[in-house]
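Let me begin by presenting the structure, written as structure tokens, before commenting on it.
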Amino acid sequence: MQFGKLSRELREAYGDSDVKRRVQTFEGWIDRAAPGAAGAGGYNHAETVKDYYDLCSGFMVWGWSESLHFAPLTPNESVEESQVRHQRLMISRLELQQGMTVVDVGCGVGGPMRRVAREAGVHVVGINNNTIQLEKAKRLNAEAGLDQMVDYEVCDFMDMSSIADDTFDRGYAIESTCHAPDKQGAFAEIFRVLKPGALFWGQEMCLTDTFDPNDHAHQAIKQDLMRGIALNDIATFGEVNQALEAVGFSVIEGMDRDSKEGPSTPWYQPMESRGGTLGTALRRLPLGRKAFIAGTKAGEVLRLFPKGSAEVVRLMDRTADAYVAGGRTNTFTPLYCFLAQKPL
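Just add 133 to wherever you are in the sequence shown, counting from 1, and you've got my numbering.
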């Protein structure tokens, strides 16, 4: 994505809003959501998640890819290549067959959706409550010639009442249900819209078995991740499985896909020391991120970027540091992947 295109997309996303104030408001969401806080009874986490993606999606695509998720890395792969391999693993594990109807829960801008539709020959319905992301997904799907293979539902995955029971042959949720204010509630809705016998693939951001709730450093990392990624909480592997089973799913497999045999690269390393092409890698690295903050600030002065854009980049830079801290301490992974089934 070139600077001109990024600038246009940011202006569409931000409109005439006070972006700096929006970032400050977003970063205070944990305090507003705390029990006993003034107005906590009216707190809506779905709105916080929507604000997060409204603010950050344009920069996410520019700095990462159209597939807004992590993937297991090997030493000779770029981030984009690893994402393709990971998405193809999901396609294989879901046993997709041409003509099936598949729900993409929290579809983002549709990176995985396009691969699933193109390579599996299935019809995909994208669920998203973020209209800015959905409009971008529609444009990209049309450019890819896939608009006849994709439909969209503008709704929160916590309430998909516009969709009938037993609608979909398969489903997947990639780094989306981790945002749910109630994971069991999210899985219950997904369970409802899947047909009996349907397979469901999920990728969750989780605390690992290394996480010690009595360790203040571990708790600080968790809070930084929750605040920066709009996670209402961060579940353990066991808690994810328990939530799936509580609503009726049978868990076929569940594992941290970052743990594998043979040469590998930690999932967080692109934000430390490696990446794909030189330009993309620089955007992800600490020095590159700091330079981009300065460049964005200069762009605001020249009216190339909306005022306050640099504050969004600062927010994302702090979040990248939290990701790396979680990865280095092995207390956090974005790669807990499971395959579950709705019983016949």
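C-beta atoms are modelled at their ideal positions from N, C-alpha and C, and glycine is treated no differently. Please read these numbers as outputs of a predicted model, since none were measured by experiment.
Three-state secondary structure (DSSP) of residue i
{"i": "Gly408", "result": "Any reading at Gly408 must be qualified, since the residue scores a pLDDT of 46, below 50, and its modelled position is unreliable; no value is offered."}
{"i": "Pro256", "result": "For clarity, residue 256 is His in the given sequence; the question names Pro instead. In this structure, His256 counts as strand in the three-state DSSP scheme."}
{"i": "Gly432", "result": "helix"}
{"i": "Ala331", "result": "strand"}
{"i": "Met134", "result": "Residue placement at Met134 is poorly supported in this model, since its pLDDT is 48, which falls under 50; the coordinates still yield a value, given next. Coil."}
{"i": "Ser383", "result": "strand"}
{"i": "Thr310", "result": "helix"}
{"i": "Glu286", "result": "strand"}
{"i": "Gly462", "result": "A small fix is needed here, since residue 462 is Thr in this sequence, not Gly. Thr462: coil per DSSP, three-state reduction."}
{"i": "Phe344", "result": "coil"}
{"i": "Val238", "result": "strand"}
{"i": "Phe159", "result": "helix"}
{"i": "Phe301", "result": "strand"}
{"i": "Asn263", "result": "coil"}
{"i": "Ala277", "result": "coil"}
{"i": "Ala453", "result": "helix"}
{"i": "Ala368", "result": "strand"}
Short CB-CB distance (under 8 Å) between residue i and chain B
{"i": "Gly387", "result": "The chain labelled as chain B is not found in the depicted structure, where only one protein chain is given."}
Spatial neighbours of residue i in its chain, beta-carbon cut-off 6 Å, leaving aside the 5 residues before and after
{"i": "Ala313", "result": "Ala319"}
{"i": "Asp487", "result": "Any answer about residue 487 is impossible in this case: the structure gives the chain only from 134 up to 477."}
{"i": "Phe159", "result": "Asp184"}
{"i": "Met246", "result": "Asp237, Cys240, Val257 and Gly259"}
{"i": "Leu201", "result": "Met193 and Gly241"}
{"i": "Gly428", "result": "none"}
{"i": "Tyr401", "result": "Tyr456, Val457 and Gly460"}
Exposure label - residue i; buried when at least 16 CB within 10 Å
{"i": "Phe136", "result": "exposed"}
{"i": "Asn209", "result": "exposed"}
{"i": "Gln498", "result": "Because the chain here runs from 134 to 477, residue 498 falls outside it and cannot be looked at."}
{"i": "Asn274", "result": "buried"}
{"i": "Ser442", "result": "buried"}
{"i": "Gln307", "result": "It is Ile, not Gln, that sits at residue 307 in the sequence shown. The residue is buried, with at least 16 neighbouring Cβ atoms inside 10 Å."}
{"i": "His349", "result": "exposed"}
{"i": "Asp389", "result": "buried"}
{"i": "Thr264", "result": "exposed"}
{"i": "Arg461", "result": "exposed"}
{"i": "Pro467", "result": "buried"}
{"i": "Val326", "result": "buried"}
{"i": "Glu199", "result": "buried"}
Per DSSP, cross-strand counterpart(s) of residue i
{"i": "Asp149", "result": "Partner(s): none; Asp149 has no beta bridge."}
{"i": "Gln336", "result": "Ile307 and Cys470"}
{"i": "Met388", "result": "Cys470"}
Own chain, CB closer than 7 Å to residue i, minus 5 neighbours either side, in chain order
{"i": "Ala453", "result": "Met404 and Arg422"}
{"i": "Ala376", "result": "Lys316, Gln317 and Phe320"}
{"i": "Leu143", "result": "Gly191, Phe438, Pro439 and Ser442"}
{"i": "Val380", "result": "Gln317, Phe320, Ala321 and Phe324"}
Check: residue i C-beta below 7 Å from any heavy atom of the ligand SAH
{"i": "Asp289", "result": "For the structure depicted, the ligand SAH is absent and the ligand set is empty, with no information on it obtainable."}
Close-in-space but distant-in-sequence residues of the same chain around residue i (CB under 8 Å, 5 per side omitted)
{"i": "Gly406", "result": "The question names Gly, yet the displayed sequence has Ser at residue 406. Correct list, in chain order: Leu418."}
{"i": "Glu252", "result": "Arg221 and Ile224"}
Every unbroken beta strand (DSSP E) inside the stretch 170-236 [3 residues or more]: Segments of the beta strand (DSSP E) lying fully in the stretch 170-236: there are none.
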